[in-house]
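Have a look at the structure below before the remarks.
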Amino acid sequence: MKLRYSIISLGLFVFAVQGAATRSQKDPTDIISDLHSHPDGFTHVGDDGIVRSFDAKGKVIDFARLSNDQLITLAKRSSNAEDREYLLGGWDGVDGWSVGLNQIWNPPRHLLPHAPNSEAGSMDPTAMAAKGIEKSKRKPSSLKTRGPECYGYTCSTNQECQSRGCLNCVSLRKKKTYCNPIP
56 MKLRYSIISL
66 GLFVFAVQGA
76 ATRSQKDPTD
86 IISDLHSHPD
96 GFTHVGDDGI
106 VRSFDAKGKV
116 IDFARLSNDQ
126 LITLAKRSSN
136 AEDREYLLGG
146 WDGVDGWSVG
156 LNQIWNPPRH
166 LLPHAPNSEA
176 GSMDPTAMAA
186 KGIEKSKRKP
196 SSLKTRGPEC
206 YGYTCSTNQE
216 CQSRGCLNCV
226 SLRKKKTYCN
236 PIP
């Protein structure tokens with residue numbers, strides 16, 4: 056009887072380890088694209104390695120954990136050297152798998168994104184929802200190489216991006232939010 060439970064336990068352990076390895080190897084842009092989203096919300100990849108999908112009121116409605124390798128992959132995809140260095144430095148050693156559920160669902164203010172088109176100050180969901188899309192004045196960053204027309208627009212809501220044929224509005228760390236193309 057003990058042998059049977061040992062075999063079952065070992066099998067469950069192997070299954071769990073395989074599942075965790077598969078999740079951590081998934082492309083980070085696909086993970087971001089798979090999150091549930093609100094039309095008037097946006098998505099943010101935080102300094103803690105957590106991708107959070109927010110509704111129009113700034114409430115977290117979905118999340119995903121990113122490993123350090125996935126964060127570095129996102130950072131290296133940035134076409135802007137300054138942004139790339141900012142992301143690499145901020146995510147150095149960060150692993151979303153070490154973040155507790157309370158912090159995921161109730162992020163402290165210092166982990167919240169900046170409002171669109173601002174260089175400082177934390178997110179104000181009401182102000183963000185009132186902003187519209189405008190063409191970015193600098194070369195846009197990119198999460199993936201396809202769909203560059205999406206990266207040329209700053210945004211405050213998913214709906215704004217979807218009206219342009221893009222997937223959602225994404226912010227990396229505390230940089231501006233850009234439309235993300237449909238994978």
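Under our numbering, residues 56 to 238 are what the sequence shown spells out, in order. Each residue gets a CB set at the ideal place from its N, CA and C atoms; glycine is no exception.
Identified DSSP bridge partners for Val100: Val106, Leu227
Neighbourhood of Leu143 by C-beta, 6 Å cutoff - its chain only, sequence neighbours within 5 removed: Ala130
Thr128 - containing beta strand (DSSP E), residue span: Element bounds for Thr128: not the beta strand (DSSP E) but the alpha helix (DSSP H), 123-131.
Which of helix, strand or coil DSSP assigns to Asp117: Secondary structure of Asp117 (DSSP, three-state): strand.
Proximal residues to Pro163 (C-beta, below 8 Å), its chain only, five neighbours per side dropped: Answer for Pro163: no residue qualifies.
Three-state class that DSSP yields for Cys216 in the structure shown: In the structure shown, Cys216 sits in a helix (DSSP, three-state: H, G or I).
Where Cys210 falls: helix, strand or coil (DSSP): coil
The segment 81-90 contacting the segment 113-125, beta-carbon criterion three pairs below 8 Å: yes
Residue(s) in a DSSP beta bridge with Thr232: Ser226
Cβ pair Asp82, Val149 closer than 8 Å: no
With 16 other Cβ atoms within 10 Å as the buried cut-off, status of Gly239: Any answer about residue 239 is impossible in this case: the structure gives the chain only from 56 up to 238.
Exposure label - Glu215; buried when at least 16 CB within 10 Å: buried
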